[in-house]
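According to UniProt numbering, the sequence shown is numbered sequentially starting from 1.
Every residue, glycine too, gets a C-beta built ideally from N, C-alpha and C.
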Amino acid sequence: MSGEIEIARMRSLNDFLLESARFQIPNFKDLDKWSNRVCNNLLYYQTNYFFMAVVVFLIVGLIHPAKMLCGILAMLAAFGIFCYITNSKRSATKFKRDHPVISLLVIFTGGYFVVYMLGSVLVFLFGIMLPVLLIFIHASMRLRNIQNKLTNKIETIGLKKTPMGLLLEALGQEHSNMKKDFLMPNMRLKHSTSNLVQQFFTNKSH
C-alpha cells in the first residue's frame, strides 16, 4: 500500500462532457445507487471538477469584480472575528462586562456592516455554490464507464490516494461505497450459487 497522495489526472473533454459521455437522470428512489454514482464520479473526475469550479468562480468574479472582492473581504473579516471570539471567550466576556456601551456599538456596527455588504456576500456565495451545484448535477447524471470503475477500485483498495478520496474517507463515504462495490457482486454470486444448488437437488429428486 502507498501512503502518498496522488493528483488524479485530467480526464479528456470527450470523456467528461462530449461524445463518449453518457448521461441519465438518477433514480431518486434508490438513494444508495445515486450516492454511489456521485461518490465514484467525484473520485474519477475530481481534477476536472476542480478546474471547472475555478473557471466558474472566476467568471462570476469577472461579471461582478467589486462585489466579489468586497464579499471575499467581508467573509475573511467575519471568519477572523469568529476565530478571535471563539479562542478568547474570557476576554470577550470581560470586555462586555467592563465596557457595555462600546460592546453595543461594536454589535450595531457589525450588524450594519453585514447588511451593507450583504449583496457582495451573496455574490461571493453564488460564486461558491454555482460550481458546487454544477458538479453535483454532472456527478449525479454521468454514467460510469469501465475505466471509471477500474480507477475507483484501485483507489478503494488502497493502491493510491487522491485528495477527493481522502475527503470522502473523512466524510465516511468512501468506505461505505467500497463495501457496496465488493458486497453486491458477492451477494449476486451467493444468490446464483444457491439457485444452482436448489436446481441440482430438484433435478436429482426427479
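Helix, strand or coil: how does DSSP classify K149 here?
Of the three classes helix, strand and coil, the one that applies to K149 here is helix, per DSSP.
Per DSSP, I107 is paired with what?
Partner(s): none; I107 has no beta bridge.
Measure from the alpha carbon of N48 to the alpha carbon of each residue in M10, N148, V60 and N40, then state which is nearest.
Closest option to N48, Cα to Cα, is M10.
Can you tell me whether T162 is buried or exposed, with buried defined as 16 or more other CB within 10 angstroms of its CB?
By the neighbour-count rule (16 or more Cβ atoms within 10 Å), T162 is buried.
Determine the DSSP secondary structure at K161, reduced to helix, strand or coil.
Note: K161 maps to strand in three-state DSSP.
Would you report the Cα separation of G61 and F113, rounded to the nearest angstrom?
Distance between the alpha carbons of G61 and F113 is about 21 Å.
On the DSSP letters alone, give me the boundaries of the alpha helix (DSSP H) that L13 sits inside.
Per DSSP, L13 belongs to the alpha helix (DSSP H) from L13 to F16.
Keeping to the same chain, check which residues put their C-beta closer than 6 Å to that of A8; ignore five residues upstream and five downstream.
Result list for A8: Q46, T47 and T162, in chain order.
In this structure, does DSSP put I7 in helix, strand or coil?
Looking at I7 - three-state DSSP - the assignment turns out to be coil, as it is neither helix nor strand.
In whole angstroms, what separates the C-alpha of A21 from that of V106?
If you take the alpha carbons of A21 and V106, they lie about 54 Å apart.
Spatial neighbours of F23 within its chain, please: CB distance less than 7 Å, with the 5 preceding and 5 following residues excluded, ordered by chain position.
Same-chain partners within the cutoff: M141, R142 and L143.
Looking at C-alpha atoms only, which residue of L167, G71 and H64 is the closest neighbour of L125?
Ranking L167, G71 and H64 by Cα distance to L125 puts G71 first.
What is the residue span of the alpha helix (DSSP H) that A21 lies within?
Here A21 belongs to no alpha helix (DSSP H), and DSSP marks it neither H nor E.
Name the two residues that bound the continuous alpha helix (DSSP H) containing L122.
Taken as a continuous stretch (DSSP letters only), the alpha helix (DSSP H) holding L122 covers L118 to M141.
Return the CA-CA distance between L13 and M52, expressed in angstroms with no decimal places.
So the alpha carbons of these two residues sit roughly 12 Å apart.
Ends of the alpha helix (DSSP H) at K29?
No alpha helix (DSSP H) contains K29, which DSSP labels as neither H nor E.
Alpha carbon to alpha carbon, how far is P131 from L42?
Near 13 Å, if we compare the C-alpha coordinates of L42 and P131.
Helix, strand or coil for W172, going by three-state DSSP, please let me know.
What sits at residue 172 in the sequence shown is Gly, not Trp. Coil.
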